[in-house]
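Comments concern the structure below.
Numbering (our numbering), first residue to last: 76 to 332.
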């Protein structure tokens, strides 16, 4: 039976006696698996791994500004090393392969491996237990696991304690959406359409508006992103935008009180 990405990540942590992954560098884990890490300038690429005869060279873009993002890129490349250790293979990863909408099975597997390695399900659920969802909670969990805000939000979709929905857009157009299993509102097919005119995301695309951390939870209405049923009230919801100016992308996180 094939090993799942989650099982592979748990095995890596167990093999090295790691209880809390925040306490170890991913570079050390790559070295443990016969790989070396180099920081270089990469064009249109955040990370790359070249594997041959059981060894690997992992390159990470030296221009990545945030250490937590670099940590996820390295964990993603380690996922390729552990899960896809063919005799000879090369994987180059950019913002698309590192995002949830990239559907290629090997990239999806590497992302799932990285998420479990950096934010183990059991520990993640403990951090969410009895906490009220907010942008501040996302930031606290991000610091706890030393992970990017974006990867923390994706993990919260699967294992958080409050239903949320996210819409990922680039250049003002929606690329995909994801939601918690218990998020109950109907979502129309918005893929490839422009972001709603009354959304916080549109404020960024049209006017360059970026809210401060203190004001990052902005009030919107249910009808902004979701379909209203015959008996639905257009109640208040919240939108929190995670903006990446380098790629002109917005991850809109939507929830209700």
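All C-beta atoms in this analysis are idealised placements derived from N, C-alpha and C, irrespective of residue type, glycine included.
Quantities reported herein were computed from a predicted structural model and do not represent experimental measurements.
{"Query": "Residues sharing a beta bridge with residue 132, DSSP", "Result": "111, 125"}
{"Query": "From 249, 248, 317, 239, residue whose alpha carbon lies closest to that of residue 329", "Result": "239"}
{"Query": "Start-to-end residues for the beta strand (DSSP E) that takes in residue 268", "Result": "No beta strand (DSSP E) holds residue 268; DSSP gives it neither H nor E."}
{"Query": "Between the CA atoms of residue 226 and residue 126 - distance to the nearest angstrom", "Result": "25 angstroms"}
{"Query": "Whole-angstrom distance between residue 114 and residue 233, CA atom to CA atom", "Result": "32 angstroms"}
{"Query": "Inter-stretch contact (C-beta, 8 angstroms, three-pair minimum) for the segment 293 to 308 and the segment 209 to 223", "Result": "no"}
{"Query": "Bridge-paired residues (DSSP) for residue 326", "Result": "243, 317"}
{"Query": "Cutoff 8 angstroms; reference residue 139; Cβ partners in own chain excluding five residues on either side", "Result": "121, 145, 148"}
{"Query": "Rounded C-alpha distance that separates residue 155 from residue 244", "Result": "26 angstroms"}
{"Query": "Nearest-angstrom Cα separation, counted from residue 235 out to residue 200", "Result": "6 angstroms"}
{"Query": "Residue environment, residue 259, which counts as buried when at least 16 other CB atoms sit within 10 Å", "Result": "exposed"}
{"Query": "Pair within 8 angstroms by beta-carbon distance, residue 210 and residue 276", "Result": "no"}
{"Query": "Straight-line gap, residue 321 to residue 77 (C-alpha atoms, nearest Å)", "Result": "38 angstroms"}
{"Query": "Residue 104, buried or exposed, once every other Cβ within 10 Å from all chains shown has been counted against 16", "Result": "buried"}
{"Query": "Residue 176 (DSSP reduced to helix, strand or coil)", "Result": "Here residue 176 scores only 49 on pLDDT, less than 50, and its place in the model should not be relied on; the value that follows carries that caveat. Looking at residue 176 - three-state DSSP - the assignment turns out to be coil, as it is neither helix nor strand."}
{"Query": "Burial state of residue 332 (16 or more Cβ within 10 Å)", "Result": "exposed"}
{"Query": "For residue 97 and residue 91, the rounded distance between their alpha carbons", "Result": "14 angstroms"}
{"Query": "Exposure of residue 325, with buried meaning 16 or more beta-carbon neighbours within 10 Å", "Result": "buried"}
{"Query": "DSSP three-state assignment for residue 312, whether helix, strand or coil", "Result": "strand"}
{"Query": "CB-CB length for residue 110 against residue 133, believed under 8 angstroms", "Result": "5 angstroms"}
{"Query": "Nearest-angstrom Cβ-Cβ length linking residue 212 and residue 206, presumed shorter than 8 angstroms", "Result": "5 angstroms"}
{"Query": "Inter-residue spacing [alpha-carbon to alpha-carbon] between residue 222 and residue 313", "Result": "23 angstroms"}
{"Query": "CB contact flag (residue 263, residue 311, <8 angstroms)", "Result": "no"}
{"Query": "Through-space distance from residue 102 to residue 137, alpha-carbon basis", "Result": "14 angstroms"}
{"Query": "Helix, strand or coil at residue 63 according to DSSP, with G and I counted as helix", "Result": "What the structure shows of the chain is the stretch from 76 to 332, and residue 63 is not part of that stretch, so it cannot be assessed."}
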